[in-house]
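Numbering (my numbering), first residue to last: 9 to 204.
Built from N, CA and C at the ideal position, the CB exists for glycine as well.
Below, the structure written as structure tokens:
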């Protein structure tokens, strides 16, 4: 509020985290409350290729391309006329992103000598034998230590020699679906704690 009163720009990230899969996972609906309270122009910037350039799971930056486009999402004078639900709906329409769908269209090469290294931190279940924590990586290769599934990640973020799951996004979404089917309805995670 102090920055807005000084007539300066504020940047916020409604998603609130880096994506593990290069796609939108969710965003905070409290963003609409903030927009209502500030009642200033809102400019949305949409970034494509950032996940492919510096993925959450990687230790190095990949040389490639990032595209950023800006859109005037709300004018200050229209905000008081909109409900929080209407604001959230408009945000939901523009915030969607999928770097893998964008990459399928653009076909940009992302160069790195360690292209696959670190994927074992997010690709934790083998799609062939379904074992957990058996994926290993080195340079541009992934393999399962249990069933010996092998895949190579090319410069366009496609898996070579693994047709079932062509990219990181699809493998990650397979894992989410697999886990959701196998978690019992009465699942509870609890622990004793000392509250200080």
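To the nearest angstrom, how far is the alpha carbon of residue i from that of residue j?
i           : j           : result
residue 66  : residue 78  : 27 angstroms
residue 37  : residue 181 : 23 angstroms
residue 22  : residue 121 : 33 angstroms
residue 69  : residue 200 : 41 angstroms
residue 168 : residue 115 : 15 angstroms
residue 194 : residue 141 : 25 angstroms
On a CA-only basis, which of the options is nearest residue i? Give me that one, please.
i           : options            : result
residue 76  : 152, 168, 52, 196  : 52
residue 123 : 32, 107, 60        : 60
residue 24  : 184, 18, 33, 140   : 33
residue 133 : 184, 159, 31       : 184
residue 28  : 63, 58, 84         : 63
residue 128 : 146, 114, 136, 115 : 146
residue 103 : 12, 55, 88, 139    : 55
Taking the alpha helix (DSSP H) that residue i belongs to, which residues open and close that run?
i           : result
residue 39  : 38 to 46
residue 183 : 176 to 190
residue 10  : 10 to 13
Classify residue i as buried or exposed, calling it buried when 16 or more other Cβ atoms lie within 10 Å of its own Cβ.
i           : result
residue 118 : buried
residue 43  : buried
residue 190 : exposed
residue 88  : exposed
residue 111 : buried
In terms of residues, what are the limits of the beta strand (DSSP E) holding residue i?
i           : result
residue 161 : 158 to 161
residue 143 : 143 to 146
residue 51  : 50 to 56
residue 164 : Premise fails: residue 164 is in no beta strand (DSSP E) and is neither H nor E.
residue 151 : 149 to 152
Ranges of the alpha helix (DSSP H) found wholly within the stretch 81 to 120, counting only runs of at least 4:
Those alpha helix (DSSP H) runs which fall completely within the stretch 81 to 120 and span 4+ residues are 92 to 103, 107 to 114.
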